[in-house]
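Asker: Residue numbers (my numbering), protein chains in the order written: chain A, 1 to 301; chain B, 302 to 647; chain C, 648 to 1011. Every residue gets a Cβ at the ideal spot worked out from N, C-alpha and C, and that includes glycine. To start, I am sharing the structure in question, which I have written as structure tokens.
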């Protein structure tokens, strides 16, 4: 009844809903429908054979594995970052806080370009050891001690990860970095320090307090941030192709395999692989929404 | 991109500051600084260092073409000069293409975002939650798949292939569209039929990947504000448009601007989807595609120069976002109730 | 700042105006889109200028070119999906056959132009770092311990496929010809026509060599020929690059002769990148005459000279002689004589479930 009354008062229901539905259909639903239609051209056994082909499975494993590792790193490091940004005051904090959103604003191709360059054999990080050795030696030379250390003695500090799975994880950490921080931050901000003081006054150490008192409170946000980072990483393409090695089974991610199947005129197979990625992302988001709803219900209960 | 974080750091309220154990405190701060340095600061500094590695003149040459201070002395030099000129023209055209695409995509998404937000927040109807979920859908689609679906739909062998390949663009010169200078911003004079592998396809793919941004930024806010103010305005005799313009819009302007900025950044930066539908032609290059091409033509410095423009755009985005946070926090303090806050997808 | 309608219109108007004032666009009579494979960017930039001048002198009309470069398979797919290419100049016949099968090119395209419709050839060789520290001399050296090999993926790159076949034929000792002489060319042609069985496919040594090579010595498989060169030269990965000869020369010129050396194996493959007019497109756009003239121009002495200057192997034997210092005579085997043509090679080696797929037993 209330709804009906409102509908009478506020105008534009037909216009806005109609426009929304038409636009949504044209730009989103229809194209996605094409994906379903193409996939349906495969018979079930063909579809199954495509998505369980060892090379395809290996690509999924790498995509989901690298995404999971990256999400895990982000879960830990992001939690730390959120904690530090909310709880501590130090010079440069506001700047760091603003920087967190950078991965959202920076085009992925740029991220891929600069990461692959940084982790090259002669890049800043990829050739860190060599550079350090060179620096030490030139400093030594200027002080009168030339060849202080052998120039290749710091080779273990060369993190040349371009074209390796590690490189993929690194760039995925970058693209997913803001999710955990930005999910956990508001919760920590709202958190009432009284509970902590209470816990501590009851004799709990800082770790126990964090584990038993604070962590349960931020857990839903933390989980949701981590799964968002994971879902984002699964579909990532632009940044990864600059740094992935494309070796089937070793460094070939699923989106790259889709492109390869397309180039080989195998549309149905490409769409089948794409379909699995899509369903996986949707499943992740659904599970996450489920957890959120459950936690919210439990909190209000 | 699954569920973009339309979160705004809530720096408004005074947060609980812990002193903590000094060693832990320092360790954690150091850890955070190192983490962010390695993953954000270094990559960005690297972009600019590489872009400027051959000096400022080489940097500007990437867009403006080589300065003709002295005529080429021989054929080889002449050839080199014309190659460099052609390269910079392609780069300039990629920048124009990105701007043109964004100029079409962003207004479309603003219009859609406002329409959708109005429909789903001011009314209750069956399927409303499903509709909200569908608006979010493009975020969970891998960019490559986003490009692929348009090929499947509009490619010659696609569902609407026959129609799409013979589609003839309306002649823009007949539309006196203010500001467009009599020319279609996205290359009418170079393409006038077909959809896939033309700038139109780039627009479609970009609309798809940026679809949810504006809607997602304003929906939570409009939801929180309810309909009381609108109902009051309408009952005082204001028209629907005036109500939206003078009651709703001022309330959501920061969220709208925020969504617009994110949408713009993504429209400029999209790579995967656009690369699938661009057909690899130079005329279809947007800035990210141009970066890949320059990189493939061994022109590291030029690739990073174009990248540095996008990085600058990202910085502007961040600054604007920070300003909006600040303004929103201020106006939230002024009139309690409406806060600019959008959680993860709901 | 108020977000008013006027502001918005103004802002977007300004953006759009900026877009409209992009680079100057010459009012052109004819536009041709040449869809080509990865390494030919530099080649066709030169060829296009030459042809535009010739066409202008002949007909008075201005031709402007739009180029598109990428992995050969991807390019063929784009054309099939509706990229309106007037001509395709791809890395291998198989990809043009795919366009033919889609009904866009009439059958018999390979005989419409001389020399299998391939106006130039190339071969596959090695690029090594200066001084050849790993001592790479021939195919067999590639799988020595500690040697890292960069080559494009045979799944997506034409160059990658030629490289794969070159390794296979090199190890299996395919019969070679001296293609710098008319006699050698004639012999290769008659060998191709007379061949009925192709025991080379069953060569166990080649199979095990290829398996070891791709499994344990290739750290990166780029999707295109250019990507592989970038990995080797710019990213400095690997000890040896197996790629198109022209691609190796370009890298050497681009990065300096003090960095890289080209090494020719004892025998290699004759790579024939064919060209064709896309009938469906030129008939629709009315550009058939100019498109056909463009492809025929590739066979003229003038174009053959440019081709040789950019380190492709011209068909014109005079040009071959003139540039023999840069394009040394390597005994070459041909895909038709040794492997029985592209369709057979593709189905056996590169199609889904083919030999290449079976090489990769993905690591656990």
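#1: Using only alpha-carbon positions, find the residue among 511(B), 381(B), 388(B) that is nearest to residue 365(B).
#2: So, under 8 Å CB-CB, residue 980(C) and residue 916(C) are touching, yes? Tell me the CB distance rounded to an integer number of Å.
#3: Going by C-alpha to C-alpha distance, which of 276(A), 36(A), 255(A), 216(A) sits closest to residue 870(C)?
#4: Consider the Cβ of residue 803(C): report whether some Cβ of chain A lies at a distance smaller than 8 Å.
#5: For the region 674 to 708 of chain C, list the alpha helix (DSSP H) runs that are entirely contained and at least 4 residues long, ordered along the chain.
#6: So which residues on chain B does residue 873(C) lean against when the C-beta distance must stay under 7 Å?
#7: Buried or exposed: residue 840(C), going by 16 or more other Cβ atoms within 10 Å of its Cβ?
#8: Over what stretch of residues does the beta strand (DSSP E) that includes residue 890(C) continue unbroken?
#9: Quick one: is residue 535(B) near chain A, going by C-beta distance under 8 Å?
#10: Thinking C-beta only, is residue 974(C) closer than 8 Å to residue 955(C)?
#11: So with Cβ pairs under 8 Å, would you call residue 204(A) a contact of chain B?
#12: Hey, residue 744(C) and residue 989(C) are a contact pair by Cβ (cut 8 Å); roughly how many whole angstroms apart?
#13: For a test of the three-state rule: what should DSSP assign to residue 243(A), helix, strand or coil?
#14: Determine the DSSP secondary structure at residue 993(C), reduced to helix, strand or coil.
#15: Find the residues of chain B that neighbour residue 12(A), judging by a C-beta separation of less than 7 Å, and give them in chain order.
#16: Would you tell me roughly how many angstroms separate the C-alpha atoms of residue 614(B) and residue 886(C), rounded to the nearest one?
#17: Quick check: residue 603(B) and residue 511(B), are their CB atoms within less than 8 Å of each other?
#18: In whole angstroms, what separates the C-alpha of residue 681(C) from that of residue 759(C)?
#19: Excluding the 5 residues flanking residue 37(A) on each side, which residues of the same chain have their C-beta closer than 6 Å to its C-beta?
#20: From the DSSP secondary-structure annotation, give me the bridge partner or partners of residue 909(C).
#21: With a 10 Å radius around its C-beta and 16 neighbouring C-beta atoms as the bar for buried, classify residue 16(A) as buried or exposed.
#22: Would you say the region 584 to 592 of chain B touches the region 451 to 458 of chain B, given that touching needs at least three Cβ pairs under 8 Å?
#23: Residues in the same chain with beta-carbon distance under 7 Å from residue 986(C), minus the five sequence neighbours each way, listed in chain order, please.
#24: Between residue 613(B) and chain A, is there a C-beta pair that is closer than 8 Å?
#25: What does DSSP give as the partner residues of residue 494(B) in its beta bridges?
#26: For residue 866(C), I'd like the list of residues in its chain whose CB is within less than 7 Å of its CB, leaving aside the five on either flank, ordered along the chain.
#27: Give the secondary structure of residue 711(C) by DSSP, where H, G and I count as helix, E and B as strand, and everything else as coil.
#28: Less than 8 Å between C-beta atoms, sequence neighbours within five positions excluded: which residues of the same chain meet that for residue 857(C)?
#29: Straight-line CA distance for residue 475(B) to residue 507(B)?
#30: For chain C, check one thing: does any of its Cβ atoms lie closer than 8 Å to the Cβ of residue 627(B)?
#31: Relative to the C-alpha of residue 923(C), which residue among 959(C), 912(C), 939(C) is closest?
#32: When the cut-off is 8 Å and only beta carbons count, does residue 321(A) lie next to chain B?
#33: Does DSSP put residue 464(B) in a helix, a strand or coil?
#34: Say whether chain B places a C-beta atom closer than 8 Å to the C-beta of residue 701(C).
#35: Does DSSP put residue 653(C) in a helix, in a strand, or in coil?
#36: Quick check: the Cα distance between residue 288(A) and residue 227(A), rounded to an integer number of angstroms?
Answerer: Straight from the coordinates:
#1: The residue given as residue 365(B) occupies position 64 in the second chain. Out of 511(B), 381(B), 388(B), 388(B) has the C-alpha closest to the C-alpha of residue 365(B).
#2: Position 333 of the third chain, counting from 1, holds the residue named residue 980(C). Position 269 of the third chain, counting from 1, holds the residue named residue 916(C). Indeed, because the Cβ distance is near 6 Å, the residues count as touching under 8 Å.
#3: The sequence position of residue 870(C) within the third chain is 223, counting from 1. The shortest Cα separation from residue 870(C) among 276(A), 36(A), 255(A), 216(A) belongs to 255(A).
#4: Residue numbering aside, residue 803(C) sits at position 156 when the third chain is read from its first letter. Cβ-Cβ to chain A under 8 Å: yes for residue 803(C).
#5: Taking only runs of at least 4 residues, the alpha helix (DSSP H) segments lying wholly in the region 674 to 708 of chain C are 688 to 706.
#6: Taking the first residue of the third chain as 1, we reach residue 873(C) at position 226. Think of a sphere of 7 Å around the beta carbon of residue 873(C): the chain B residues whose beta carbon falls inside it are 597, in chain order.
#7: Mapped onto the third chain, residue 840(C) falls at position 193. Under this definition residue 840(C) is an exposed residue.
#8: Reading the third chain from its first residue, position 243 is the one you call residue 890(C). Here the beta strand (DSSP E) through residue 890(C) covers 887 to 891.
#9: For the purposes of this step, residue 535(B) is taken as the residue at position 234 of the second chain. Against chain A, the CB of residue 535(B) has a partner CB under 8 Å away; the residue lies at that interface.
#10: Locating residue 955(C) in the third chain gives position 308, counting from the first residue. Locating residue 974(C) in the third chain gives position 327, counting from the first residue. A contact, by the Cβ cut-off of 8 Å.
#11: Here residue 204(A) is taken as the residue at index 204 of the first chain, counted from 1. Residue 204(A) does not count as touching chain B.
#12: Working through the third chain from its first residue, we reach residue 744(C) at position 97. Working through the third chain from its first residue, we reach residue 989(C) at position 342. Rounded, the Cβ-Cβ distance is 7 Å, consistent with contact.
#13: Along the first chain, one-based indexing puts residue 243(A) at 243. Three-state DSSP puts residue 243(A) in coil, outside helix and strand.
#14: To locate residue 993(C), count along the third chain from 1; it is residue 346. Reduced to three states, the DSSP call for residue 993(C) is helix.
#15: Sequence index remark: in the first chain, residue 12(A) carries index 12 (1-based). The contacting residues are 419, 541.
#16: Mapped onto the second chain, residue 614(B) falls at position 313. Mapped onto the third chain, residue 886(C) falls at position 239. Residue 614(B) and residue 886(C): Cα-Cα distance of roughly 39 Å.
#17: Translated into positions along the second chain, residue 603(B) becomes position 302. Translated into positions along the second chain, residue 511(B) becomes position 210. With a cutoff of 8 Å on beta-carbon distance, residue 603(B) and residue 511(B) are scored as not near each other.
#18: Looking up residue 681(C) in the third chain gives position 34. Looking up residue 759(C) in the third chain gives position 112. Roughly 18 Å separates the two Cα atoms.
#19: What you label residue 37(A) is simply residue 37 of the first chain in a count that begins at 1. Correct list: empty, nothing qualifies.
#20: Stepping through the third chain from its first residue, residue 909(C) is reached at position 262. In DSSP, residue 909(C) forms a bridge with 774(C).
#21: The sequence position of residue 16(A) within the first chain is 16, counting from 1. Buried, because 16 or more other Cβ atoms sit within 10 Å of the Cβ of residue 16(A).
#22: no
#23: In the third chain, counting from the first residue as 1, residue 986(C) sits at position 339. Excluding sequence neighbours, residue 986(C) sits near 812, 845, 847, 992.
#24: If you number the second chain from 1, residue 613(B) lands on position 312. For residue 613(B), the answer is no, since every Cβ of chain A falls outside 8 Å of its Cβ.
#25: If you number the second chain from 1, residue 494(B) lands on position 193. Paired residue(s): 469(B).
#26: Counting from 1 along the third chain, the entry for residue 866(C) is found at position 219. Result list for residue 866(C): 795, 884, 885, in chain order.
#27: For the purposes of this step, residue 711(C) is taken as the residue at position 64 of the third chain. Residue 711(C) falls in the strand class under three-state DSSP.
#28: Here residue 857(C) is taken as the residue at index 210 of the third chain, counted from 1. Hits under 8 Å: 811, 814, 815, 818, 1002, 1006.
#29: As a position in the second chain, residue 475(B) is number 174, starting the count at 1. As a position in the second chain, residue 507(B) is number 206, starting the count at 1. For residue 475(B), the pLDDT reaches just 48, beneath the cut-off of 50, and the residue's location in the model is therefore unreliable, although a value from the coordinates is still provided. The alpha-carbon atoms of residue 475(B) and residue 507(B) are separated by roughly 26 Å.
#30: Translated into positions along the second chain, residue 627(B) becomes position 326. No, residue 627(B) does not count as interfacial toward chain C.
#31: By 1-based counting over the third chain, the position of residue 923(C) is 276. Residue 923(C) has its Cα closest to that of 939(C), out of 959(C), 912(C), 939(C).
#32: The first residue shown for chain A is 1 and the last is 301, placing residue 321(A) beyond what the model contains.
#33: Numbered from its first residue, the second chain carries residue 464(B) at position 163. Helix, per DSSP.
#34: One-based indexing of the third chain puts residue 701(C) at position 54. No - not a single Cβ of chain B is within 8 Å of the one on residue 701(C).
#35: Here the question's residue 653(C) lines up with position 6 in the third chain. Low confidence applies to residue 653(C): its pLDDT is 43, below 50, so where it sits in the model is not reliable enough to give any reading.
#36: Stepping through the first chain from its first residue, residue 288(A) is reached at position 288. Stepping through the first chain from its first residue, residue 227(A) is reached at position 227. The alpha-carbon atoms of residue 288(A) and residue 227(A) are separated by roughly 7 Å.
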